[in-house]
Every structure is written in structure tokens, then in C-alpha cells.
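Residue numbers (full-length UniProt numbering): 1 to 255.
For each residue, glycine too, the CB sits at the ideal point set by N, CA and C.
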Amino acid sequence: LAALSGHLPTRCLTGSGARHTLLDLEMSLDVLLVTDEDDFESALPTLKSLTQTIRRAPLDDHADGQHKTADVAIIDARTDLTTARGVCRRLTANAPGVAVVAVVAPTNIMAVDVDWHFDDVMMPAASADELEARLRLAIKRRRSAVDGTWKFGDLLLHPGSFTGSLAGNELSLTVTEFKLLNFLVQHAGRAFSRTRLMHEVWGYDCNGRVRTVDVHVRRLRAKLGTDYESIIDTVRGVGYMAVTPPQPQWITTSS
């Protein structure tokens with residue numbers, strides 16, 4: 001299994017001064033660690049640099065309904081492969097909106113198969129770049145496989161149809177406007193440079209066209225209206241972010 005590269009494109013930062021002083025705010029991820037071992041967090045030493053919301057549950061915990069709010073469940077499969085496989089399969093079946101990532105010891109990696117029903121597998125002590133890339137892609141992969149809606153306060157976004165509504169009123173968004181708003185809402189509370197947004201939404205880097213982001217943000221704010229335009233905040237010296245609270249919620253059709 002080849003490692004995924006987590007390196008991000010070089011940022012183009014402009015301006016000076018800031019309403020927010022951090023260049024990289026923590027990812028607004030709700031992470032569930034499923035393990036019976038006290039040392040599991042130490043096996044992922046860079047996890048705390050990515051999120052502040054980390055919950056724990058034992059491997060034999062069957063209360064899956066309590067875990068449906070998690071963005072990703074990281075399963076400790078370093079020693080007990082049989083139990084870990086069962087947990088992965090059960091979570092995927094009972095909490096289809098939650099991405100499932102298994103952490104497997106290097107000596108056991110060949111024993112893992114697709115019948116575990118996880119979104120990704122990784123080995124302990126992954127770098128911060130690799131961990132972020134794997135979690136981000138696992139969540140994206142999971143959400144593309146289920147029908148659901150992002151709820152962000154009064155804002156509802158439907159990725160399957162690229163449509164949205166605000167306070168019960170339909171938003172007339174272009175596909176690009178939807179992708180930009182959807183990306184910011186998914187990562188609410190984290191600031192992104194224009195370069196990063198170009199990479200994530202348009203699929204390419206700077207090339208002198210980062211001001212395209214500003215144009216689309218202005219159009220989005222106009223469509224959100226005066227009562228809601230502050231959803232998208234300008235972070236001086238960095239770029240843009242979706243402001244929290246509220247926190248984004250992923251609601252599956254079966255929820």
C-alpha cells in the first residue's frame with residue numbers, strides 16, 4: 001500500500017496585520033479513537049496538532065449511535081486484528097457517514113484486506129503531512145459514497161446535487177461557488193490561503209490567478225446576504241475561513 005503524499009502547495013500570502021494571528025488553525029475534526037490501549041495516541045504523535053476534538057471508545061463498544069457525529073474513527077488494529085476487523089465492518093454498516101481508518105503494525109499489514117470495509121489503512125508514527133492527507137482523503141472518500149447534507153447553522157449544502165439553502169430559501173450557486181463554500185464549511189474554523197483554495201476548488205495552483213478567489217468570495221457574500229455574509233471571514237495575511245460557531249454537521253440520509 002503506497003503512502004499518500006500529504007504535502008500541500010506553497011502558499012501565496014498577501015497583506016499584513018490580522019484579525020486572526022495563526023496561519024494554520026486546527027482542523028475542525030471530530031476524531032474517535034477506538035482502542036483498548038493507553039498508548040494509542042502516542043502511536044499517532046502528530047494527531048493533536050490537527051484537531052482538538054479527540055474522543056475514545058473501547059474496541060468492544062457497540063454503542064455506534066453515539067459515534068455518528070464523528071468525522072473519522074481511527075481503529076487500533078496493531079495487535080488484535082480479528083476484533084479490529086469486526087469494528088471496522090460494524091462502524092461502516094451502522095455509521096455510514098463516519099470515515100474509518102485502521103492503524104496496523106508493519107508486521108501485519110499484509111494480513112489486511114478490503115473485506116475490513118475501511119476507507120484507508122496506515123501504520124503507526126505517520127508524519128503530520130501523511131496523517132492529515134490520509135484523514136482528509138478518507139473523509140472525502142466516505143462522504144462521496146453516501147448521500148448526505150452539510151448543516152452549518154441555517155445553511156444547508158447538498159454535495160450530491162451541488163445545491164444549497166439558507167434559512168429555508170434556495171441559494172442559486174454556480175458549481176464553483178458551491179465547491180468554494182462547501183470546502184470552507186467542511187473545514188470551518190481553519191484559515192486557507194488563496195493558493196490553497198485555488199488548488200482545492202479549481203484544481204491548480206497560483207499561476208497569477210489567485211484573485212479569482214476574491215471575486216468568487218464577493219459573489220458568495222452577495223448571495224448569502226447582509227445577515228449571513230459574515231459566514232466567510234477575511235483573515236488578513238492569510239486568506240479566508242468559515243467562521244465558527246456554529247460547527248459543521250454531516251447529516252446522512254439515513255440519520
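For residue i, name the three-state secondary structure that DSSP assigns.
i    : result
L23  : Caution is warranted here: a pLDDT of 29 is assigned to L23, below 50, making its placement in the model unreliable, and the coordinate value is therefore given only provisionally. Coil, per DSSP.
D30  : strand
S110 : Reading off the sequence, residue 110 comes out as Met, not Ser. Residue state, collapsed to three classes: helix.
F40  : helix
A138 : helix
A191 : coil
G168 : coil
H158 : strand
T176 : helix
V243 : coil
G86  : helix
V235 : strand
R55  : strand
M122 : strand
T252 : strand
D129 : helix
How big is the Cα-Cα spacing for residue i and residue j?
i           : j    : result
V72         : A133 : 13 Å
K179        : S161 : 11 Å
M198        : G225 : 24 Å
E170        : L131 : 37 Å
I139        : G168 : 27 Å
S49         : D147 : 30 Å
A125        : I75  : 14 Å
residue 295 : L156 : The requested residue 295 is not part of the displayed model; the chain covers only 1 to 255.
E37         : D214 : 47 Å
L184        : D233 : 10 Å
T79         : R211 : 50 Å
L220        : G203 : 19 Å
L23         : T51  : In this prediction, L23 has a pLDDT of 29, which is less than 50 and means its spatial position is unreliable; what the coordinates show is noted afterwards. About 15 Å.
Determine the closest residue to residue i out of the options, with distance taken between C-alpha atoms.
i    : options                   : result
H158 : N169, N182 and R142       : N182
K68  : D80, R78, D60 and R55     : R55
D60  : V104, C88 and P45         : C88
Q247 : D147, E170, V235 and I231 : I231
E229 : R90, V217 and I75         : V217
G153 : V201, Q249 and D38        : Q249
R136 : T252, P245, T244 and L29  : L29
D119 : P58, D113 and A99         : A99
T82  : A57, V104 and D38         : V104
S127 : T46, G97 and R143         : T46
K151 : E41, V34 and T252         : T252
N108 : H117, A77, G86 and R90    : A77
When we look at the beta-carbon of residue i and count the other beta-carbons within 10 Å, is it buried (16 or more) or exposed?
i    : result
Y240 : buried
A84  : buried
A93  : exposed
M122 : buried
A222 : exposed
R196 : buried
G164 : buried
G97  : buried
R209 : exposed
How about residue i and residue j: do their beta carbons lie closer than 8 Å?
i    : j    : result
A191 : V235 : yes
A70  : L32  : yes
A102 : V114 : no
V238 : S193 : yes
T176 : V201 : yes
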